[in-house]
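Participant: The structure under discussion is supplied below as structure tokens; questions concerning it will follow.
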Amino acid sequence: MERQEKWLEKLDLISILRWATSGLPSQKLKYAGLLIPFDNDYILYDISTKSKGCDEDKTYIKDDLIRTNIRRGNSIFVKPQKEIKKYIDPEKLIKDNGKDIIIENILWARKGLSKFFDLSIEFLNHRQTKNLMLTGSFSGSFPISLSSSHKEAIRRMIFYEAEFALLREGATIDLYKLNKANGENAQFSYSPHLNAWIIASKNVSLAARVSEDLKIYSNNRYEFVKVIGEEWFKILLNLNEQELEELKQDLTGFTIAGEYVGDLNHQHLVRYQKIDIMFYAYINNESSRPCLPPLRASALFAKYRLKSVKMEHVGNFASLAVFYSALENLYKSISSQSLESEEEGSVIYIVKNDHTENHLLTSASETISQENFDFYMNPEFYSAVNSQETLSLCKIKTLEYRIFRKLRQKAKAISSKKNPANALILLNKLKKEVKDLVKDYELPRPLDYYFEIAATAFEYVKESKYIERFKKGYIDFLDKIRQIVDGVAPVPFLSHEKSIERKPLSIIINSPPCFITPKEAELFLDVLKPNEVVYQWNETSKVEKGFKLCFLSHRVKISKNFKQNALIVFYGATSEGIIRCEEELKAYANANPSTVPSCVLPFLKRKDIGPRLSKLLSEWTTDKEFLQNQYPAYVIDAENKPIKELLEIIQERIEELPAPIENDMQKVEEEQKECPEKPICSGKMAYIIVPMGIPCMGKASFLAALQRYSDENGIVLKTICSDDIRNRCMSEYMKKRRNYDREKAFRKTHNSSRTTFFDQLKNATMSNSHEKQIIFLDKNHPPKSIMCTLQEIKAVEAYSNLKLIALVPECREPLIIQLRNKKKNTYEISLSMLIQCLLRVRDRKQHDIINGKLFHRLSIVLMMYQMYQNVKFEDYLSTGFSYIMRIPFTDESSWEIDPNLTESIIKVLSGFDNNEFPHKSIVTNLEQEIEKSTLSFPIIDPYPALCEQINLILNGNSETKNDEIQREKAPTAIEIEFNVNSKPGLISIILENLEKLASHYEDQEIRSDLAEIHEYANNGNKSIWNVCDELLHTETVNIDKNYDENLEEKLHIKSRVTHIIYIPKNTIYCCSCIDVENDSFPLKNLYIPVLAYQNSQPINNFQLKQVIISENSQITEIQVDESPKKAYSIPLSELYKLEGSTQLYY
1 MERQEKWLEK
11 LDLISILRWA
21 TSGLPSQKLK
31 YAGLLIPFDN
41 DYILYDISTK
51 SKGCDEDKTY
61 IKDDLIRTNI
71 RRGNSIFVKP
81 QKEIKKYIDP
91 EKLIKDNGKD
101 IIIENILWAR
111 KGLSKFFDLS
121 IEFLNHRQTK
131 NLMLTGSFSG
141 SFPISLSSSH
151 KEAIRRMIFY
161 EAEFALLREG
171 ATIDLYKLNK
181 ANGENAQFSY
191 SPHLNAWIIA
201 SKNVSLAARV
211 SEDLKIYSNN
221 RYEFVKVIGE
231 EWFKILLNLN
241 EQELEELKQD
251 LTGFTIAGEY
261 VGDLNHQHLV
271 RYQKIDIMFY
281 AYINNESSRP
291 CLPPLRASAL
301 FAKYRLKSVK
311 MEHVGNFASL
321 AVFYSALENL
331 YKSISSQSLE
341 SEEEGSVIYI
351 VKNDHTENHL
361 LTSASETISQ
371 ENFDFYMNPE
381 FYSAVNSQET
391 LSLCKIKTLE
401 YRIFRKLRQK
411 AKAISSKKNP
421 ANALILLNKL
431 KKEVKDLVKD
441 YELPRPLDYY
451 FEIAATAFEY
461 VKESKYIERF
471 KKGYIDFLDK
481 IRQIVDGVAP
491 VPFLSHEKSI
501 ERKPLSIIIN
511 SPPCFITPKE
521 AELFLDVLKP
531 NEVVYQWNET
541 SKVEKGFKLC
551 FLSHRVKISK
561 NFKQNALIVF
571 YGATSEGIIR
581 CEEELKAYAN
591 ANPSTVPSCV
601 LPFLKRKDIG
611 PRLSKLLSEW
621 TTDKEFLQNQ
631 YPAYVIDAEN
641 KPIKELLEII
651 QERIEELPAP
661 IENDMQKVEE
671 EQKECPEKPI
681 CSGKMAYIIV
691 PMGIPCMGKA
701 SFLAALQRYS
711 DENGIVLKTI
721 CSDDIRNRCM
731 SEYMKKRRNY
741 DREKAFRKTH
751 NSSRTTFFDQ
761 LKNATMSNSH
771 EKQIIFLDKN
781 HPPKSIMCTL
791 QEIKAVEAYS
801 NLKLIALVPE
811 CREPLIIQLR
821 NKKKNTYEIS
831 LSMLIQCLLR
841 VRDRKQHDII
851 NGKLFHRLSI
861 VLMMYQMYQN
871 VKFEDYLSTG
881 FSYIMRIPFT
891 DESSWEIDPN
901 LTESIIKVLS
911 GFDNNEFPHK
921 SIVTNLEQEI
931 EKSTLSFPII
941 DPYPALCEQI
951 NLILNGNSET
961 KNDEIQREKA
971 PTAIEIEFNV
981 NSKPGLISII
991 LENLEKLASH
1001 YEDQEIRSDL
1011 AEIHEYANNG
1021 NKSIWNVCDE
1031 LLHTETVNID
1041 KNYDENLEEK
1051 LHIKSRVTHI
1061 IYIPKNTIYC
1071 CSCIDVENDS
1081 FPLKNLYIPV
1091 LAYQNSQPIN
1101 NFQLKQVIIS
1111 ENSQITEIQV
1121 DESPKKAYSI
1131 PLSELYKLEG
1141 STQLYY
């Protein structure tokens, strides 16, 4: 067991910031910059990973640089150079959104804990490893091979250095157990450069000198950090001046981390009695270690009387076996505790102790509390603590917490408005997961108790009237459910309750400038007691709680989408009020501008005060009429009433306003009773066909066939065409705005055309006077928009009986793009259909919507195609569709695809993300291939397939299942997985043959690669070459559609490696010949990736087939990323055998 530097590549601050701001397509980081409002010399940057949840865990496990340099909280101060010098040091240059910034000074603003993971009981089984006390449980060194499993990678992060300290350094290990508070991350540091506190959540930070500075940050991004900041400044009030100055010194270059808890607006799973910040960690901003030892942090918290989590010293260990045994007992003990006693669980700090005989340190560990402040101040204590070093952290969560968290996740899925999940299915799934989770461990209560809570909760979240209570207050919701299960609360729960809490509301006072006097304004504040006073408002303005009072002297537009979140008061909006206002304004005309109210200044600058005020009165009159017709409860026309009378009217109206749905169950029930009933002739049925596909796939041909079917069978067909509607909206828009071209009009008419589209759908369903009618939505619905359409359709279900049919293309084989580490992207819409649509869009230049340059037209098709990445059409049956109708739009059996065209398409699809528009640079080559392509396609008549399937649907045979409509599927692709024990032998053969190659060719790249692979193979050290996969596998190969033999899953396959294919600084493949008895087996020769250079692009089969294979070593020049590369083929003197099994893809 050799010592390895844990922090594999520690970057300096400029490198971290340059990395985050690079803007590369493969960038895994995101950043946000803020010019300090009260000191423009500094910019505060927040840096974090783009991924979340499980994806974030995988990112930290796989990426050495992120794990080493990106914490759970990263903020950097930058002082840019103001004077541009002749010589610019490139090492001090970064780009922020394309702007060059030359750094004069850079330093950490705050730094969170290192990323740490859950402790698994499986990790502790290694204490039974043979020779544990001599060599430890790890073979090799710390750098984590990408071939390692995730669990093994996490185990190394937690325990490798602890084992090294015990076995090689003669140190002991102290274990500390700290309660894991269940709240929101809060972090604090101090900057002497700004004389300000750095206040942060995990990913957002701000600088504030005093609490008043928090008001400067008006962007929604800072809303929650401001809440944390308010609590921090309350804590600081408890310190005297000397303590405050000392705290600033202790937090200069250091960060303290805690959890913001007890806020009912930010509920998690554990209830706290009051809002507070529970501190737990003290971090040195310049150290690579996770944090300072817990005792050192505890001393700091005690010194300043900061509330901290409960801490316990588990013990000091000199034996590795005893250390693992203690952790196992601790794991079982914590897991079995309840939420009330252990909260979320505990974080375990693994701390190295170089001075094992220090009794003072042992004593401190056993008596940890804030009452021991004098003891903490003992110089001997600090000397002892300095002998400690935090090596790693891990989490142990209580089983009860994990159960209730799983319950919440599944309840969210059930309560989803767009796609509610089946409660019974999720309950059974939860039961299985919990049983697997609990196994032999004890729980605070019987297992059936938790299942009963889950079943009861799932029943309630299915009801819309309880969904908001669940979402906004999970703790309250869970408590009430537990009371029901315990027989304490009545059923149905909360039915007798009626909250007196009012809906958050803005009160908008529209009045001419100077109409309201300062004394009257104070009266508004005294009587209404608003939480906030503002002078700007729009429909999207949010009010978190209470009232927001807004004084306006200009028009505010109210649309049809008014959210009923404001009471609009017109005061003085009369002819008399305007005359009075004009007189007041003239009195201000010659006044000192500093004495003039800000709302008056815009009017004084105008020469036409009278006409301007008349126009304002006219606009207000229009607004009043609109609001009184549409939202009479939310408007007050006070004319020129006395102020006290107006305030009484406002108070009365507030009481009369409808209470929020989430706080008035009876109101919800009344509204549900008032919902429109379905027509009496409920036997009448409307079948809505919703196309899912890509532009130019053949909807027009299908619609013509559908019209023919409708005419021949006497069934009413209504078509709602999105393109026609959009075109009309655009034409009307451009008539009113002649300076707008079609592109601008297209962007501006999104909402109006969408509203018109669904209004026509509603009219079509409501006007149904026939037994059966078909409504065809002539509009492609990619996955991104399908749920929105389904939601709109559900809104009209009250007016008609509806059946939804998803129209999708029938394709013989999907397109499968092989990615690294055996991952792949699958597209159910085939490559042949995509190419046909690209060629059609090339030739169809007069499309109503998809027009312009060829690049633009191709990009739209590609963008929509990319939305179908890893999408299965069958999954949409659970979202509200009754049937899936698969129609063949292309004949894919009688033509071959140009390999260059295939390669160009795969490269484009691999070059941009789902829901993004591809950049022109990656479409250029494909555009050229499409322009010169001479491919032609036979026209397919969809009528026979349409008749067959639509008859089954319209007959309404209850025994007809959807899978009878779909075509029987056959495997479309095959892959072979080889035994894992093949890997070491193959790497040895590769090394042996590269040695021979290096002796024959003077190629420096070969020698460089050889040295790196040797280092990896012999020592397991960090290498820029990676084993491609834990299990060797072939590239996925499409099966010829004419292949009729039956293929078996897990069919045993033997093969012989005949050649090594080697591309320097890229990838090394085995060329393998399969031994098969069946001559018609679809695979003969395989190219199996074994070693890959980091960040290299995989080479596809078309390129590899260009490599010359013969009895002698050969060099072939191939194109990789548009650059020529040498590819060496090396025959093996002895054939190497590989055995594996088949895996099929459908």
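Residues in the sequence shown are numbered from 1 upward in steps of one, following full-length UniProt numbering.
Glycine included, each C-beta is placed from N, C-alpha and C at the ideal position.
Which value, in whole angstroms, describes the spacing of the CA atoms of Gly315 and Ala455?
Facilitator: Numbered from 1 along the sequence shown, position 315 holds the residue referred to as residue 315. Numbered from 1 along the sequence shown, position 455 holds the residue referred to as residue 455. Gly315 and Ala455: Cα-Cα distance of roughly 42 Å.
Participant: Would you mind stating whether Asp96 and Thr21 have Cβ atoms separated by less than 8 Å?
Facilitator: For this step, residue 96 is matched to residue 96 along the sequence shown. For this step, residue 21 is matched to residue 21 along the sequence shown. Going by C-beta atoms, Asp96 is nearer than 8 Å to Thr21.
Participant: Figure out for me which residue from His1052, Val1057, Pro1089, His1059 has the closest Cα to the Cα of Thr1067.
Facilitator: Locating residue 1067 in the sequence shown gives position 1067, where the first residue counts as 1. Nearest option by C-alpha distance: Pro1089.
Participant: Which ranges would you report for the alpha helix (DSSP H) in the region 813-882 if only whole runs of at least 4 residues count?
Facilitator: Runs of the alpha helix (DSSP H) inside the region 813-882: 831-843, 854-866.
Participant: In this structure, does DSSP put Ile475 in helix, strand or coil?
Facilitator: Position 475 of the sequence shown, counting from 1, holds the residue named residue 475. In the structure shown, Ile475 sits in a helix (DSSP, three-state: H, G or I).
Participant: Here's the rule I'm using: 16 or more other beta-carbon atoms within 10 Å means buried, otherwise exposed. How should Glu400 be labelled?
Facilitator: Within the sequence shown, numbered from 1, the residue matching residue 400 stands at position 400. Counting Cβ neighbours within 10 Å, Glu400 comes out buried, since at least 16 surround it.
Participant: Can you name the residues that DSSP bridges to Gln242?
Facilitator: Looking up residue 242 in the sequence shown gives position 242. Bridge partners of Gln242: none, in fact.
Participant: Beta-carbon within less than 7 Å of Ile216's beta-carbon, same chain only, minus the 5 sequence neighbours each way: which residues are those?
Facilitator: Numbered from its first residue, the sequence shown carries residue 216 at position 216. Excluding sequence neighbours, Ile216 sits near Pro37.
Participant: So the alpha helix (DSSP H) Trp197 belongs to, where does it begin and stop?
Facilitator: Walking along the sequence shown from the start, residue 197 turns up at place 197. Where Trp197 is concerned, there is no enclosing alpha helix (DSSP H), although the beta strand (DSSP E) around it starts and stops at 196-200.
Participant: With burial defined as no fewer than 16 other Cβ atoms inside 10 Å of the residue's Cβ, what is the status of Ile425: buried or exposed?
Facilitator: The residue you call residue 425 lines up with position 425 of the sequence shown. Answer is exposed; the Cβ neighbour count stays below 16.
Participant: Could you give the distance in angstroms between the alpha-carbon of Cys696 and the alpha-carbon of Ile786?
Facilitator: Counted from its first residue, the sequence shown places residue 696 at position 696. Counted from its first residue, the sequence shown places residue 786 at position 786. Annotation: Cys696 to Ile786 spans about 18 Å, alpha carbon to alpha carbon.
Participant: State the DSSP-derived secondary structure class of Arg110, mapped to helix, strand or coil.
Facilitator: As a position in the sequence shown, residue 110 is number 110, starting the count at 1. Correct three-state label for Arg110: strand.
Participant: Might you give, ordered along the chain, the residues of its own chain that have their beta carbon closer than 8 Å to the beta carbon of Asn1085, omitting 5 neighbours on each side?
Facilitator: Residue mapping note: residue 1085 aligns to position 1085 of the sequence shown, counting from 1. Cβ within range, chain order: Cys1071, Ser1072, Cys1073, Ile1074.
Participant: For the structure I just gave you, are there three or more beta carbon pairs, one from the region 572-591 and one from the region 520-540, closer than 8 Å?
Facilitator: no
Participant: In its own chain, which residues sit with a C-beta less than 8 Å from the C-beta of Leu339, not counting the 5 before and 5 after it?
Facilitator: Locating residue 339 in the sequence shown gives position 339, counting from the first residue. Leu269, Val270, Thr398, Glu400, Tyr401, Phe404, listed in sequence order.
Participant: State the Cα-Cα distance for the pair Gln187 and Cys291, rounded to the nearest angstrom.
Facilitator: Looking up residue 187 in the sequence shown gives position 187. Looking up residue 291 in the sequence shown gives position 291. Looking at the two C-alpha atoms, the distance is approximately 13 Å.
Participant: DSSP state of Gly53, grouped into three classes?
Facilitator: Walking along the sequence shown from the start, residue 53 turns up at place 53. In this structure, Gly53 counts as helix in the three-state DSSP scheme.
Participant: Could you tell me the alpha carbon to alpha carbon distance between Ile453 and Arg482, rounded to whole angstroms?
Facilitator: Reading the sequence shown from its first residue, position 453 is the one you call residue 453. Reading the sequence shown from its first residue, position 482 is the one you call residue 482. Approximately 6 Å, taken between the alpha carbons.
Participant: Under the three-state reduction of DSSP, which class applies to Leu11: helix, strand or coil?
Facilitator: Residue mapping note: residue 11 aligns to position 11 of the sequence shown, counting from 1. Of the three classes helix, strand and coil, the one that applies to Leu11 here is coil, per DSSP.
Participant: Looking only at C-alpha atoms, which of Asn220, Val227, Val204 sits nearest to Glu212?
Facilitator: Taking the first residue of the sequence shown as 1, we reach residue 212 at position 212. That would be Val227, whose Cα lies nearest to the Cα of Glu212.
Participant: By the three-class DSSP mapping on this structure, what secondary structure does Cys514 have?
Facilitator: Position 514 of the sequence shown holds residue 514. In the structure shown, Cys514 adopts coil according to DSSP, grouped into three states.
Participant: Counting Cβ pairs, one atom from each stretch, are 3 or more of them under 8 Å apart for the region 241-259 and the region 189-199?
Facilitator: Enough Cβ pairs lie closer than 8 Å, so yes.
Participant: Enumerate in chain order the residues of its own chain whose CB-to-CB distance from Phe937 is below 6 Å, with the five nearest sequence positions on each side excluded.
Facilitator: Taking the first residue of the sequence shown as 1, we reach residue 937 at position 937. Same-chain partners within the cutoff: Gln836.
Participant: DSSP three-state call for Glu389: helix, strand or coil?
Facilitator: If you number the sequence shown from 1, residue 389 lands on position 389. Annotated three-state conformation of Glu389 is strand, per DSSP.
Participant: So, under 8 Å CB-CB, His150 and Ile70 are touching, yes? Tell me the CB distance rounded to an integer number of Å.
Facilitator: To locate residue 150, count along the sequence shown from 1; it is residue 150. To locate residue 70, count along the sequence shown from 1; it is residue 70. With 8 Å as the limit, His150 and Ile70 do not qualify as a contact, their Cβ atoms being about 18 Å apart.
Participant: Which residues bound the alpha helix (DSSP H) around Gly73?
Facilitator: The count along the sequence shown starts at 1 and reaches residue 73 at position 73. Premise fails: Gly73 is in no alpha helix (DSSP H) and is neither H nor E.
Participant: Can you give me the start and stop residues for the beta strand (DSSP E) that Ile558 sits inside?
Facilitator: The residue labelled residue 558 in the question sits at position 558 within the sequence shown. Neither: Ile558 is in no beta strand (DSSP E) and is coded neither H nor E.
Participant: For the beta strand (DSSP E) containing Ala566, list its first residue and its last residue.
Facilitator: Reading the sequence shown from its first residue, position 566 is the one you call residue 566. Element bounds for Ala566: 566-571.
Participant: Please name the residue in Leu35, Phe323, Ile725, Asp89 whose C-alpha comes closest to that of Tyr779.
Facilitator: On the sequence shown, residue 779 is found 779 positions in, with the first residue counted as 1. It is worth fixing the name first, because residue 779 is Lys in this sequence and not Tyr. Residue Ile725 is the option with its Cα nearest to Lys779.
Participant: Would you list the residues sitting across from Trp1025 in a DSSP beta bridge?
Facilitator: Numbered from 1 along the sequence shown, position 1025 holds the residue referred to as residue 1025. According to DSSP, which records beta bridges pairwise, Trp1025 is partnered with Tyr1093.
Participant: Looking at the secondary structure, which residues open and close the beta strand (DSSP E) in which His1052 lies?
Facilitator: Position 1052 of the sequence shown, counted from the start, is the residue given in the question as residue 1052. Its beta strand (DSSP E) spans residues 1052-1063.
Participant: Among Leu214, Arg296, Tyr304, Lys202, which has the Cα closest to the Cα of Glu241?
Facilitator: Taking the sequence shown and counting its residues from 1, the one referred to as residue 241 is at position 241. Of the listed residues, the one whose Cα sits closest to Glu241 is Tyr304.
Participant: Quick check: Asn353 and Ile173, are their CB atoms within less than 8 Å of each other?
Facilitator: Locating residue 353 in the sequence shown gives position 353, counting from the first residue. Locating residue 173 in the sequence shown gives position 173, counting from the first residue. For Asn353 and Ile173, yes; Cβs fall inside 8 Å.
Participant: Could you check whether Ser205 and Ser75 sit closer than 8 Å to each other, using their CB atoms as the reference points?
Facilitator: Counting from one through the sequence shown, the residue named residue 75 turns up at place 75. Counting from one through the sequence shown, the residue named residue 205 turns up at place 205. Yes, these two residues count as a Cβ contact at 8 Å.
Participant: How would you call Ile579, buried or exposed, if buried means at least 16 neighbouring beta carbons within 10 angstroms?
Facilitator: Along the sequence shown, one-based indexing puts residue 579 at 579. Exposed.
Participant: So, Pro809 versus Tyr868, is the Cβ gap smaller than 8 Å?
Facilitator: The count along the sequence shown starts at 1 and reaches residue 809 at position 809. The count along the sequence shown starts at 1 and reaches residue 868 at position 868. Result no, Cβ atoms of Pro809 and Tyr868 do not sit closer than 8 Å.
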